[in-house]
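Student: Just so you know, the protein sequences line up as chains A and B, in that order. Count the first sequence with our numbering and you get residues 1 to 369, in order. Count the second sequence with our numbering and you get residues 370 to 1196, in order. One structure, pasted below without further comment.
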Amino acid sequence: MSAPNKSFDPKSPASLNAEAVTGMVDSALVAIASATTLEELKEVRLAHVGDRSPLSLANREIGSLPPAAKAEAGQRVGTARGTIKQALDDRTAALEGERDSRVLLEETVDVTMLSRRRRLGSRHPLTTLMERMSDVFIAMGYEIAEGPEIEAEWLNFDSLNIAPDHPARTMQDTFYVGSPESGVVLRTQTSPIQMRAMLTRELPIYVVAPGRVFRTDELDATHTPVFHQIEGLAVDKGITMGHLKGTLDHLASAMFGVGIVTRLRPSYFPFTEPSAEVDLQCFVCRGESIGDPERPCRTCGSEGWIEWGGCGMVNPRVLRAAGVDPDVYSGFAFGMGVERTLMFRHGVTDMHDMVEGDVRFTEAFGLEV
Amino acid sequence: MRVPVSWLRELIDIPESESARDIGERLVRCGFEVEGVEESGAGLSGPLLVGRVISIEELTDFKKPIRWCQVDVGDGAPLGVICGARNFAAGDLVVVAPPGTTLPGGFHITARETYGHTSNGMICSERELGLGDNHDGIIVLAEGSPGDDGAKVMGIGDAVLDIAVTPDRGYALSMRGIAREASIAYGVDLVDPGLTLADLPAPDAQRQPHESGSDALDACALLTLRTIRGFDPSAPTPGWMKSRLTAAGMRPVSLAVDVTNYVMLEVGQPLHAFDETKVAGPVRAGWARPTETLETLDHVVRALHEEDLVIRDDRGPLGLAGTMGGRHSEIDDSTTDIVLEAAWFDPRVVGRMARRHKLSSEASRRFERGVDRTLAPYASARAASLLLEFGGGVYSGMTAVEAAWDRPVIEMAADLAQRTAGCEIPVSESIEALTRAGCEVVSDGDLLRVLPPSWRPDLSDPADCVEEVLRLHGFERIPARLPMAPPGYGRTPIQRLRRVVGMTMAAMGSVEVLNYPFVSLGDHDALRLPLGDLRRRTPRLANPLSEEAPFMRSSLLPGVLAAARRNRGRGLEDIAIWELGRVFFLKDGQSAEGSDDPIRPSVEHRPSDEDFAALEALLPDQPQHLAAVWCGHIEPSGWWGPGRQAEWSDAVDAAFRVIGAAGAEATVVPGVDPAFHPGRTGQLVIAETVIGHAGELHPATCAHFGIAPRSVAFEIDLDALATFASAPVAPVFSTAPVAKEDLALVVLANVAAADVAATLQAAGGDLVEDVRLFDVYEGPQVPAGYRSLAFALRLRAHGRTLTPEEIVGVRAAVIAAAEAAHGATLR
Chain A
1 MSAPNKSFDP KSPASLNAEA VTGMVDSALV AIASATTLEE LKEVRLAHVG
51 DRSPLSLANR EIGSLPPAAK AEAGQRVGTA RGTIKQALDD RTAALEGERD
101 SRVLLEETVD VTMLSRRRRL GSRHPLTTLM ERMSDVFIAM GYEIAEGPEI
151 EAEWLNFDSL NIAPDHPART MQDTFYVGSP ESGVVLRTQT SPIQMRAMLT
201 RELPIYVVAP GRVFRTDELD ATHTPVFHQI EGLAVDKGIT MGHLKGTLDH
251 LASAMFGVGI VTRLRPSYFP FTEPSAEVDL QCFVCRGESI GDPERPCRTC
301 GSEGWIEWGG CGMVNPRVLR AAGVDPDVYS GFAFGMGVER TLMFRHGVTD
351 MHDMVEGDVR FTEAFGLEV
Chain B
370 MRVPVSWLRE LIDIPESESA RDIGERLVRC GFEVEGVEES GAGLSGPLLV
420 GRVISIEELT DFKKPIRWCQ VDVGDGAPLG VICGARNFAA GDLVVVAPPG
470 TTLPGGFHIT ARETYGHTSN GMICSERELG LGDNHDGIIV LAEGSPGDDG
520 AKVMGIGDAV LDIAVTPDRG YALSMRGIAR EASIAYGVDL VDPGLTLADL
570 PAPDAQRQPH ESGSDALDAC ALLTLRTIRG FDPSAPTPGW MKSRLTAAGM
620 RPVSLAVDVT NYVMLEVGQP LHAFDETKVA GPVRAGWARP TETLETLDHV
670 VRALHEEDLV IRDDRGPLGL AGTMGGRHSE IDDSTTDIVL EAAWFDPRVV
720 GRMARRHKLS SEASRRFERG VDRTLAPYAS ARAASLLLEF GGGVYSGMTA
770 VEAAWDRPVI EMAADLAQRT AGCEIPVSES IEALTRAGCE VVSDGDLLRV
820 LPPSWRPDLS DPADCVEEVL RLHGFERIPA RLPMAPPGYG RTPIQRLRRV
870 VGMTMAAMGS VEVLNYPFVS LGDHDALRLP LGDLRRRTPR LANPLSEEAP
920 FMRSSLLPGV LAAARRNRGR GLEDIAIWEL GRVFFLKDGQ SAEGSDDPIR
970 PSVEHRPSDE DFAALEALLP DQPQHLAAVW CGHIEPSGWW GPGRQAEWSD
1020 AVDAAFRVIG AAGAEATVVP GVDPAFHPGR TGQLVIAETV IGHAGELHPA
1070 TCAHFGIAPR SVAFEIDLDA LATFASAPVA PVFSTAPVAK EDLALVVLAN
1120 VAAADVAATL QAAGGDLVED VRLFDVYEGP QVPAGYRSLA FALRLRAHGR
1170 TLTPEEIVGV RAAVIAAAEA AHGATLR
């Protein structure tokens, strides 16, 4: 901008007449429209609205106009500059948009390149299966009971109606801690947790007891000396075998699909009387493979049922050893092998996979089963 | 127990329409596990005939000797058969497959021209009939008539049920017991062979039977001896008996032995036969003396224990009662005078003895599970009659000793079955079920008085009777319903902690393993534990699976590191695994051998608090630990870059995350653990309690366990951590503008960065929101032996903007504090 001047030129400059200004605007708009890059547009801006542009030069002449003409000329130049600026802004936005799109296109990568960089870890399926089964019971109001893995022989055997000479002790080959006479064993079953629950909790008792147990079997495809059981116990007034069946059916439904049921076959366990084996209705074929050689079921061997665990009504002798009056209270208990459940539920064929810690096995099970 | 179905059908009248599998199904519902149904000679079709060889013509014109035999098969003309076997003579009885018969394996018999004759069938060996592997010669039968059904004689086509008998049902280890169960299941009558006394001739008036006695009537409440003299030791065992023994899984030996086994299978009473000429004086039951020895039938000389019950004569022990006989008095192929022992022994005594001598026999299995208290004389009469029938001789009668027997009567509430089942079961049904099981039941108001049969010693409590009733009622008929548990409190804090810790570890990319808790001395050495280390004070197993690893783990690291090695061995290089589990420490005063006089409270009532405490005192400490290891890269290399090896700080960082997930906060201080690198290990400390270690493993530890050098690990005591977990409290935080101040402080290289940070935090007070170490420099810019620690401070006031003067003031104050506490200078 030029400095104001007090004197003015009596001759009106040609650059300020309407025709000239319109011409400047037109040529600017043409130049703006034909600029194809932001760099070209920058030059156009300099050429048409820069200090040395015809319009700027014309603007400087306004000061020399007679006062009467100043306003008109000023307005004419101002309008012209506004028009050009708008055109510049619009073109800038358009060119920037084009540039940005081009840059993003140029940044294209092969998105199929990614192999797994940070893997999700996993929890062991035996851990998550026990948790899942426990959840079913927690939803029914049960609590999770626990106990030590090195256990008093009295709690593991004697108090559960397995006297020192009971033949049932030969069914379970026991690890003795210290010496065979020390009265301390690696628990062979989760049942001592039942006894602990009855000795330490208020009646009524509804607990589920998952845990690690030990027997002196050599590791092979279907045996392991260290394995897991999950056991349930309910002691209350009026507990019946019907309650046991209903509870097992609910567990079966929750774990294997609504409508899957269990069946009980008479059996023998020292700590329950009556005792039964628990069979699970095959959740794959639902029994439809029985007698149909065209559609054999690998999960149940086309038997329709899968051996799952043991159960029964808590033997009154066990209640007495726990100080629970069997004339007032009754109870049921059941237990199943977690490894076995994992095997048929998820198609695990070899026990080695569960104990060797090969991450390829465990990773497949993620965070929950 | 292997049960030939034809034998079962002989004892009870099972409908012909019932197949072996059907019968098996019924028994399953009675509580027997039928592990298999075998059918012998499967694949055989068409007749098999018993034939008598009339004549043999030896054909010698061929490469091997061949016989052209004429065989009488009953009807019509003799069959001419070519046979290559040589173990028979004219007059022998053989099994002939005539043309038209198909043998197992699809071998179709036709009349064919061979060796210059037309052979009309085949004389069969055991293998050809699918009965066994014996192909040394053809079968020569001991008895039969030409034309008899050979399949029946050989027991072919008879199914055998393989039944697993639970330990409470000793009586079912016999045809008698299984037949009783089946008779109940089918509702058909049983003529109980255990309650039928066999006809025997009048005893020999000339000679007395062998004398018997018992010096231990408590453990041997009944001992019977029957004596037969002049028995023919060469008399063969009848074929039907042999085939039944074979089908039941026993090997035929000689008539006398076979008869004792046969009667045991039939009625469940183990029997023992002595050679009377090898016995001196009365045969008595009594306790062994500590110095005595006995060579048992299995040729093992056994030192006897004073709790061993033996059968003895004047010279010493003859056998282990109900377990195994002795070699000295064994019957042999010249025995003519037989003393047949049948007795009742205390199940516990026999069980202990069988375990003590690691000697489980057919007899001990039955006595351990309880033999019918009244059965002995019936069983021995049956055996004696069979011996006399097939081996001749003179019956000299029986001698016996017996203790009085108080038969227990069970009093049960009449409605107990109904209350146990939870559905209607009339008292009349209970009475009927128990009666069918052999009990005598007297109804007395609200009570039933139940006298169990002699063969059911397992029935002793009301609950046992209830099982009997419900078993017959059918478990499947009891309607299912859900009990109403009172509301629970969900998982306990430690149970929730384990779950959140597991999720946290997994989210960090680590994989859970579950290792056996058995470790070796070598594992302790590999962790470089010094001799006095507490982790060497672990419980030891009396009977470990491997003598190599008899100890219970005191650290999860050996298992985790071994699992890392296994993964490495399978070609994985970058490994991140963790384990959560119990470890074991002997308490003060406990020895590795354990107590030699542990408390055994009564099971008749609840143990007293003192007794329960005494039981707990037997046990070691068993805290739950968490351990993890990283080998190789924690961030893998790839097209994105070189990746990053796991280093000590990753282990510390992971431990902090776990501790944070648990709702606690720890600090790390330089720590020493023999398994770890002495300069790159942190102790994890909460409120002055060390809860674990984290850092780089000692090179020797890595080498011992065969994992990558510079692997890093941590181990945390989760039980200890749990005690510090607290519920989160909502923080109070300011939304006023933040002021950021960076300062680099030069300190001696051995000054802990965490200490400097703590000093800055403390000196700045409430205005210091965060202190973060963002750079560490050692080099020419700072004096030797010093390093520069660069901290970023975030300053903020509550509810207002900090003034420039305040910011300058805080900066000056924290620098002054660092100088005073650590000799720090501003760089």
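We put the beta carbon where it would ideally sit given N, CA and C, even for glycine. Bear in mind the structure is a predicted one, so any value in this text is a computation, not a measurement.
Under a CB-based cut-off of 8 Å, is D833 (chain B) close to chain A?
Tutor: Residue numbering aside, residue 833 (chain B) sits at position 464 when the second sequence is read from its first letter. By this cut-off, D833 (chain B) is an interface position.
Student: Answer yes or no: do L673 (chain B) and P686 (chain B) have a C-beta to C-beta separation smaller than 8 Å?
Tutor: Against the second sequence, residue 673 (chain B) aligns to sequence position 304. Against the second sequence, residue 686 (chain B) aligns to sequence position 317. Yes, they are a contact pair.
Student: Can you give, in chain order, each stretch of the beta strand (DSSP E) that sits fully within the stretch 1010-1078 of chain B and has at least 3 residues?
Tutor: The qualifying runs are 1036-1039, 1045-1055 and 1058-1066.
Student: Here's the rule I'm using: 16 or more other beta-carbon atoms within 10 Å means buried, otherwise exposed. How should Y142 (chain A) be labelled?
Tutor: Stepping through the first sequence from its first residue, residue 142 (chain A) is reached at position 142. Classification for Y142 (chain A): buried.
Student: Please go through the same chain and pick out, in chain order, the residues whose beta-carbon is closer than 7 Å to the beta-carbon of R906 (chain B), but skip the five residues on each side of it.
Tutor: In the second sequence, the residue the question calls residue 906 (chain B) occupies position 537. Excluding positions up to five away in sequence, the list reads F954 and L955.
Student: Along chain A, in chain order, which residues have C-beta atoms closer than 7 Å to that of A849 (chain B)?
Tutor: Looking up residue 849 (chain B) in the second sequence gives position 480. Simply G242, K245, G246 and D249.
Student: Between the alpha carbons of E146 (chain A) and A782 (chain B), how many angstroms are there, rounded?
Tutor: Start at 1 with the first residue of the first sequence, and residue 146 (chain A) comes out as number 146. Start at 1 with the first residue of the second sequence, and residue 782 (chain B) comes out as number 413. The straight-line gap from Cα to Cα measures roughly 35 Å.
Student: Compare the Cα-Cα distances from L624 (chain B) to each of B:A642, B:R805, B:L1114 and B:Q864 and report the closest residue.
Tutor: Taking the first residue of the second sequence as position 1, residue 624 (chain B) is located at position 255. It is B:A642 whose Cα lies nearest to the Cα of L624 (chain B).
Student: Whole angstroms are fine: how far does the CA of T768 (chain B) sit from the CA of A590 (chain B)?
Tutor: On the second sequence, residue 590 (chain B) is found 221 positions in, with the first residue counted as 1. On the second sequence, residue 768 (chain B) is found 399 positions in, with the first residue counted as 1. Between A590 (chain B) and T768 (chain B), the C-alpha separation is close to 14 Å.
Student: What's the call for F271 (chain A), buried or exposed, on a 16-neighbour Cβ count within 10 Å?
Tutor: Within the first sequence, the letter at position 271 stands for residue 271 (chain A). Result: buried.
Student: Using beta-carbon positions only, say whether S101 (chain A) and A875 (chain B) come within less than 8 Å of one another.
Tutor: Reading the first sequence from its first residue, position 101 is the one you call residue 101 (chain A). Reading the second sequence from its first residue, position 506 is the one you call residue 875 (chain B). No, they are not a contact pair.
Student: Are the C-beta of W308 (chain A) and some C-beta of chain B separated by less than 8 Å?
Tutor: As a first step, residue 308 (chain A) is located in the first sequence; it is residue number 308 there, counting from the start. Not an interface residue.
Student: If you pair each beta-carbon of the stretch 876-885 of chain B with each one of the stretch 361-369 of chain A, do three or more pairs fall below 8 Å?
Tutor: Judged by Cβ distances under 8 Å, the stretch 876-885 of chain B makes contact with the stretch 361-369 of chain A, as three or more pairs qualify.
Student: Determine the contact status of I597 (chain B) and L757 (chain B), defining contact as a CB-CB distance below 8 Å.
Tutor: The residue you call residue 597 (chain B) lines up with position 228 of the second sequence. The residue you call residue 757 (chain B) lines up with position 388 of the second sequence. Going by C-beta atoms, I597 (chain B) is nearer than 8 Å to L757 (chain B).
Student: Could you give the distance in angstroms between the alpha-carbon of V952 (chain B) and the alpha-carbon of Y747 (chain B)?
Tutor: What you label residue 952 (chain B) is simply residue 583 of the second sequence in a count that begins at 1. What you label residue 747 (chain B) is simply residue 378 of the second sequence in a count that begins at 1. Distance between the alpha carbons of V952 (chain B) and Y747 (chain B) is about 58 Å.
Student: Kindly list the residues whose CB is nearer than 7 Å to the CB of P37 (chain A), restricted to its own chain and excluding five residues on each side of it in sequence; keep chain order.
Tutor: Along the first sequence, one-based indexing puts residue 37 (chain A) at 37. The sequence shown places Thr at residue 37 (chain A), not Pro. Excluding sequence neighbours, T37 (chain A) sits near L95.
Student: Which whole-angstrom value describes the C-beta separation of V465 (chain B) and G490 (chain B), a residue pair presumed to lie in contact below a C-beta threshold of 8 Å?
Tutor: Position 96 of the second sequence, counted from the first residue, corresponds to residue 465 (chain B). Position 121 of the second sequence, counted from the first residue, corresponds to residue 490 (chain B). Sure, about 5 Å apart at Cβ, within 8 Å.
Student: Could you pull out every residue in the same chain whose Cβ sits closer than 6 Å to the Cβ of V1027 (chain B), ignoring the five residues on either side in sequence?
Tutor: Your numbering for residue 1027 (chain B) matches position 658 in the second sequence. Excluding sequence neighbours, V1027 (chain B) sits near V870 and T873.
Student: So G231 (chain A) is in the beta strand (DSSP E); what residue range does that whole segment cover?
Tutor: The count along the first sequence starts at 1 and reaches residue 231 (chain A) at position 231. Looking at the sequence shown, residue 231 (chain A) is not Gly but Glu. Segment V226 to D236, the beta strand (DSSP E) holding E231 (chain A).
Student: 8 Å is my cut-off, CB to CB: does A234 (chain A) come that close to chain B?
Tutor: On the first sequence, residue 234 (chain A) is found 234 positions in, with the first residue counted as 1. Yes, A234 (chain A) counts as interfacial toward chain B.
Student: Measure the Cβ-Cβ separation of M351 (chain A) and I230 (chain A) and say whether it is below 8 Å.
Tutor: The count along the first sequence starts at 1 and reaches residue 351 (chain A) at position 351. The count along the first sequence starts at 1 and reaches residue 230 (chain A) at position 230. Their beta carbons are not under 8 Å apart, which means M351 (chain A) does not touch I230 (chain A) by this criterion.
Student: Compute the beta-carbon to beta-carbon distance between S583 (chain B) and L592 (chain B), rounded to the nearest angstrom, for a pair I have assumed lies under 8 Å.
Tutor: Against the second sequence, residue 583 (chain B) aligns to sequence position 214. Against the second sequence, residue 592 (chain B) aligns to sequence position 223. Between L592 (chain B) and S583 (chain B) the Cβ distance is about 5 Å, and since that is below 8 Å, they are a contact.
Student: Given a cut-off of 8 Å on the beta-carbon distance, is the pair V740 (chain B) and G539 (chain B) in contact?
Tutor: Mapped onto the second sequence, residue 740 (chain B) falls at position 371. Mapped onto the second sequence, residue 539 (chain B) falls at position 170. Closer than 8 Å, so yes.
Student: Could you have a look at K433 (chain B) and say whether DSSP puts it in helix, strand or coil?
Tutor: To locate residue 433 (chain B), count along the second sequence from 1; it is residue 64. Coil, per DSSP.
Student: What does C792 (chain B) touch in chain A if you count any residue whose Cβ is under 9 Å from its own?
Tutor: On the second sequence, residue 792 (chain B) is found 423 positions in, with the first residue counted as 1. Per Cβ cutoff of 9 Å: T240, M241 and G242.
Student: Pop quiz: L816 (chain B) and E793 (chain B) are said to be a contact at Cβ under 8 Å. What is the actual Cβ separation, rounded to whole angstroms?
Tutor: By 1-based counting over the second sequence, the position of residue 816 (chain B) is 447. By 1-based counting over the second sequence, the position of residue 793 (chain B) is 424. 19 Å between Cβ atoms; not a contact.
Student: Would you kindly work out how many angstroms separate the C-alpha atoms of H346 (chain A) and R340 (chain A), rounded to a whole number?
Tutor: As a first step, residue 346 (chain A) must be located in the first sequence, where it is residue number 346. As a first step, residue 340 (chain A) must be located in the first sequence, where it is residue number 340. The alpha-carbon atoms of H346 (chain A) and R340 (chain A) are separated by roughly 10 Å.
Student: Closer than 6 Å by C-beta to M921 (chain B): which residues in its own chain qualify, once you throw out the five before and the five after it? Chain order, please.
Tutor: Along the second sequence, read from residue 1 onward, the residue named residue 921 (chain B) stands at position 552. The residues are P886, T907, P908 and F953.
Student: Would you mind stating whether R681 (chain B) and R653 (chain B) have Cβ atoms separated by less than 8 Å?
Tutor: Here residue 681 (chain B) is taken as the residue at index 312 of the second sequence, counted from 1. Here residue 653 (chain B) is taken as the residue at index 284 of the second sequence, counted from 1. In contact: R681 (chain B) and R653 (chain B) (Cβ atoms closer than 8 Å).
Student: Alpha carbon to alpha carbon, what distance is there between H486 (chain B) and V419 (chain B)?
Tutor: Along the second sequence, one-based indexing puts residue 419 (chain B) at 50. Along the second sequence, one-based indexing puts residue 486 (chain B) at 117. Each residue's alpha carbon lies about 22 Å from the other.
Student: What does L126 (chain A) touch in chain B if you count any residue whose Cβ is under 7 Å from its own?
Tutor: By 1-based counting over the first sequence, the position of residue 126 (chain A) is 126. Those within 7 Å of L126 (chain A) in chain B are L883.
Student: Ends of the alpha helix (DSSP H) at G519 (chain B)?
Tutor: Sequence index remark: in the second sequence, residue 519 (chain B) carries index 150 (1-based). Element bounds for G519 (chain B): G519 to V522.
Student: For Q638 (chain B), is the classification buried or exposed, using 16 other Cβ atoms within 10 angstroms of its Cβ as the cut-off for buried?
Tutor: Counting from one through the second sequence, the residue named residue 638 (chain B) turns up at place 269. With 16 or more other Cβ atoms within 10 Å, it is buried.
Student: Using a Cβ-Cβ cut-off of less than 7 Å, list which residues of the stretch 188-202 of chain A approach chain B; keep chain order.
Tutor: Listed in sequence order: L199.
Student: Could you tell me if W154 (chain A) is buried or exposed, where buried requires 16 or more neighbouring beta carbons within 10 angstroms of its beta carbon?
Tutor: If you number the first sequence from 1, residue 154 (chain A) lands on position 154. Answer is buried; the Cβ neighbour count reaches 16.
Student: Would I144 (chain A) count as contacting chain B if we go by Cβ distances under 8 Å?
Tutor: Sequence index remark: in the first sequence, residue 144 (chain A) carries index 144 (1-based). So yes, I144 (chain A) belongs to the interface.
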